[in-house]
Amino acid sequence: MAEAASPSNRGLGRIWRGEVPTASTSGTQGPCSPGLLASVSRSWLRIRQPSAMARGLPSAASLARFCQKLNRLKPLEESSMETSLRRCLSTLDLTLLGVGGMVGSGLYVLTGTVAKDMAGPAVLVSFLVAAVASLLAALCYAEFGARVPRTGSAYLFTYVSMGEIWAFLIGWNVLLEYLIGGAAVARAWSGYLDAIFNHSIRNFTESHMGVWQVPFLAHYPDFLAAGILLVASAFVSCGARVSSWLNHTFSAISMVVILFIIVLGFVLARPHNWSPEEGGFAPFGFSGILAGTATCFYAFVGFDVIAASSEEAKNPRWAVPMAIAISLGLAAGAYILVSTVLTLMVPWHSLDPDSALADAFYRRGYSWAGFIVAVGSICAMNTVLLSNLFSLPRIVYAMAADGLFFQVFARVHPRTQVPVVGILVFGVLMALLALLLDLEALVQFLSIGTLLAYTFVATSIIVLRFQKASPPSSPCLASPGPTAKKYDSFSDHIQLVGAAQTSMSEPGQLRPALKPFLGFLNGCSPGTAVAWALGILVASAISLACVLVFGNSVLHLPRWGYVLLLAVSGAVFLFSLLVLGAHQQQKKQDTFQIPLVPLTPALSIFLNICLMLKLSYLTWLRFIIWLLVGLVVYFGYGIWHSKENQREPLELTTAHYVVFPSGSLEETVQAVQPASQDPVQESGCAE
1359 MAEAASPSNR GLGRIWRGEV PTASTSGTQG PCSPGLLASV SRSWLRIRQP
1409 SAMARGLPSA ASLARFCQKL NRLKPLEESS METSLRRCLS TLDLTLLGVG
1459 GMVGSGLYVL TGTVAKDMAG PAVLVSFLVA AVASLLAALC YAEFGARVPR
1509 TGSAYLFTYV SMGEIWAFLI GWNVLLEYLI GGAAVARAWS GYLDAIFNHS
1559 IRNFTESHMG VWQVPFLAHY PDFLAAGILL VASAFVSCGA RVSSWLNHTF
1609 SAISMVVILF IIVLGFVLAR PHNWSPEEGG FAPFGFSGIL AGTATCFYAF
1659 VGFDVIAASS EEAKNPRWAV PMAIAISLGL AAGAYILVST VLTLMVPWHS
1709 LDPDSALADA FYRRGYSWAG FIVAVGSICA MNTVLLSNLF SLPRIVYAMA
1759 ADGLFFQVFA RVHPRTQVPV VGILVFGVLM ALLALLLDLE ALVQFLSIGT
1809 LLAYTFVATS IIVLRFQKAS PPSSPCLASP GPTAKKYDSF SDHIQLVGAA
1859 QTSMSEPGQL RPALKPFLGF LNGCSPGTAV AWALGILVAS AISLACVLVF
1909 GNSVLHLPRW GYVLLLAVSG AVFLFSLLVL GAHQQQKKQD TFQIPLVPLT
1959 PALSIFLNIC LMLKLSYLTW LRFIIWLLVG LVVYFGYGIW HSKENQREPL
2009 ELTTAHYVVF PSGSLEETVQ AVQPASQDPV QESGCAE
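Its first residue numbered 1359, the sequence shown is counted upward by one per residue in the numbering used here.
Structure (structure tokens):
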């Protein structure tokens, strides 16, 4: 009780009641001097903490701080061009990296697989829809890649706009995407080389190793696929220039072979193969086209290698958007034309899914053409392998540099200036996957991670457009001026806006011209209506996609119920779009920006969700298991070693208090430093 009567505790009670007087101008006298407030802070710690510990439950403030940790953002750095990597890639290098990442096993393997098992000749429609959906996502990547020219791709884009835990999960899934992508391409590469030698490699392995009949595992260990991955990893570890030179060589050969396939394929085309006698153009219907589209997404995942390589680009603000647009257009044209000539040369139901193009030429009597196609496909798949092995270590490097992944992967070789540890470690892991796992299971698992990354990047675009631009970073606690300032009062973050108000609306506020008509939104604080509208947009997109995908096949809804749910979900989706469009966005930047925001990213979100729902439940189950493993890694390592965690005050339980003067809230703000901090740090930072 004696302690309760002390001056420090009397001051504590006045703070809780909101009766704290202003500090004196000298800073050394007065009832609210820094010494008294520091004593109050220490007294609050002594009184507040034992009660929470006695209950054995976390306090509300602790839970709030924990949630803030999970959703903390990575600040956009001004010196975004400074990097420990070497900026040596031109627009042509980035374009060929993108083309090489997209034109590979998707062209030489998936065309036959999707045509025979999912869509028939309508595989070209599946590729067209997948290209449109990829274009929407590619525009989002282009804006982020130009605005944030750092390695990390979808992981980094999510980190700067949505929060740390979401960024880690996206990075965790992108990591798996590249692992599976490289392994799947290596197995396709091995299958094509084996086909050239009449499957003698497979027969030799099966005769000595036996045939496996285990789910999700290959029928035999593919040592050839594992070997090519190890060799490619060795080349990539030599530096970005070596990787780029190899990619140029293989890409040139691949594009020449693709032109050869298209020209000779149209010469050998038989329109009868699309006739009803052969099953028609779309034998599996619309559902088959959509299912094929979800799988065909694997063909276009390579364009994000450009965003992942932006930290090594010479002029990323211009080169990244241009390279993404050109490479996606070239890849989409190649896929659509090749799938057209493939199904016109031979009936779709007789295709060999393992080597469709080479087998089609063999069956038409052009064995020499089949040999050229097989050689060209191997070159194309080499470019995909290089792209995957080029991008994956850089994603891991970005996560490790931020402290969310093991620090050993953040090491850059001093001579080659590449993350050599990540290249070698994940090259070996990729080789093990190619050695043991089945290609079809790999492709299905790949699609869901890619679609989820596209969805988060599109959502991040909307979030970033309606956020207030971040002020330049400063070591001071508070920077003077009329801009918004953020302080901590116990567990709350209080936004203080200066008295000087600008005439223009800030991002997240209702447009001035619409205030007379949308008065019910005018009362919301900046960003609140946008946040709610974005949440409703995503929820209504999920609902609308579920009705479209499962309404007839799984839910067996009556006609009126199907139409009603479709109308309600669509109306809510459109209403949330209109609410978002009614609010002010950030001013136009000097870098590339997506047109028609929020419509373009919203369509990308909706289409990605539809494609995810078409994947099998086993794919979802494996995906959930992988997410749980990622959460274990994050809470066991990432959250404690995060660089953003190190930027926070060491004594998290010491609160910053807001001193209210007799006037308005904007007039005077004083933050209390913990007593243990060096007072020299405050010099030059006082308001």
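Cβ coordinates follow ideal geometry from the N, Cα and C atoms, glycine included.
Going by C-alpha positions, Phe1502 is about 46 Å away from His1630. Residues of the same chain with a CB within less than 6 Å of the CB of Leu1750, apart from the 5 flanking positions on each side, are Tyr1536 and Phe1784 in chain order.
The straight-line gap separating the alpha-carbon atoms of Gly1549 and Phe1624 is approximately 26 Å. Taken atom to atom, the span from the alpha-carbon of Ala1677 to that of Thr1808 is near 23 Å. With a minimum length of 3 residues, there is no unbroken run of beta strand (DSSP E) contained wholly in the stretch 1693-1765.
Within its own chain, the residues whose Cβ lies closer than 6 Å to the Cβ of Ser1962, once the five positions on either side in sequence are excluded, are Leu1494, Ala1495 and Ala1816, listed in chain order.
The C-alpha of Val1907 lies about 30 Å from the C-alpha of Ile1523. Within the same chain, and ignoring the five residues on either side of Leu1587 in sequence, the residues whose Cβ sits closer than 8 Å to its Cβ are Gly1540, Ala1541, Ala1544, Leu1743, Leu1747, Gly1785, Met1788, Ala1789 and Ala1792. For Leu1938, the three-state secondary structure derived from DSSP is helix. Listed as beta-bridge partners of Ala1671 by DSSP are Leu1447.
In the DSSP annotation of this structure, the continuous segment of the alpha helix (DSSP H) that includes Asn1605 starts and ends at Ala1598 to Val1625. Listed in chain order, the non-local C-beta contacts of Ile1736 below 7 Å within the same chain comprise Trp1547, Tyr1550 and Leu1551, local neighbours out to five positions each way being set aside. Straight-line spacing of the CA atoms in Asp1717 and Pro1705 works out to 12 Å. DSSP places Ala1500 inside the alpha helix (DSSP H), whose first and last residues are Val1481 to Arg1505. Shown here, Leu1809 sits in a helix according to DSSP, grouped into three states. Counting only the Cα atoms, Ser1612 lies some 9 Å from Gly1462.
In this chain, the alpha helix (DSSP H) harbouring Cys1968 covers Leu1957 to Leu1971. Around the beta carbon of Ala1738, 16 or more other beta carbons sit within 10 angstroms, so the residue counts as buried.
Judged by beta-carbon spacing, Phe1661 lies beyond the 8 Å limit of Ser1697, meaning their Cβ atoms are not closer than that value.
Shown here, Leu1932 sits in a helix according to DSSP, grouped into three states. Apart from sequence neighbours up to five positions away, the residues of its chain that approach Leu1486 with a beta-carbon distance below 8 Å are Ala1690 and Ile1694, ordered along the chain.
Taking 8 Å as the cut-off, the Cβ atoms of Met1520 and Thr1653 do not count as close. Around the beta carbon of Lys1972, 16 or more other beta carbons lie within 10 angstroms, which makes this residue buried. Note on geometry: alpha-carbon atoms of Ser1601 and Thr1509 lie some 17 Å from one another. With a minimum length of 4 residues, the unbroken runs of alpha helix (DSSP H) contained wholly in the stretch 1552-1589 fall at 1558-1567. Excluding residues up to 5 positions away in sequence, Leu1527 lie with their Cβ nearer than 8 Å to the Cβ of Leu1989 in the same chain. When the beta-carbon positions are compared, Ala1665 and Tyr1499 come within less than 8 Å of each other. Boundaries cannot be given for Leu1795, as no alpha helix (DSSP H) includes it and DSSP labels it neither H nor E. The distance from the Cβ of Pro1953 to that of Leu1935 is about 15 Å, inconsistent with a contact at the 8 Å cut-off. Assignment of Leu1782 by DSSP, reduced to helix, strand and coil, places it in the helix class.
For Gly1470, the closest alpha carbon among the candidates Met1703, Leu1868 and Ser1898 is that of Met1703. In the three-state scheme derived from DSSP, where H, G and I count as helix and E and B as strand, Leu1868 is classed as strand. The beta carbon of Leu1965 lies closer than 6 Å to those of Ala1491 in the same chain, with the five residues before and after it left out. Bounds of the alpha helix (DSSP H) holding Gln1426 are Ala1418 to Leu1428. Nearest to Leu1976 by alpha-carbon distance, out of Ala1732, Pro1573 and Val1731, is Pro1573. In the three-state reduction of the DSSP assignment, Ala1640 falls in the coil class, being assigned neither a helical nor a strand state.
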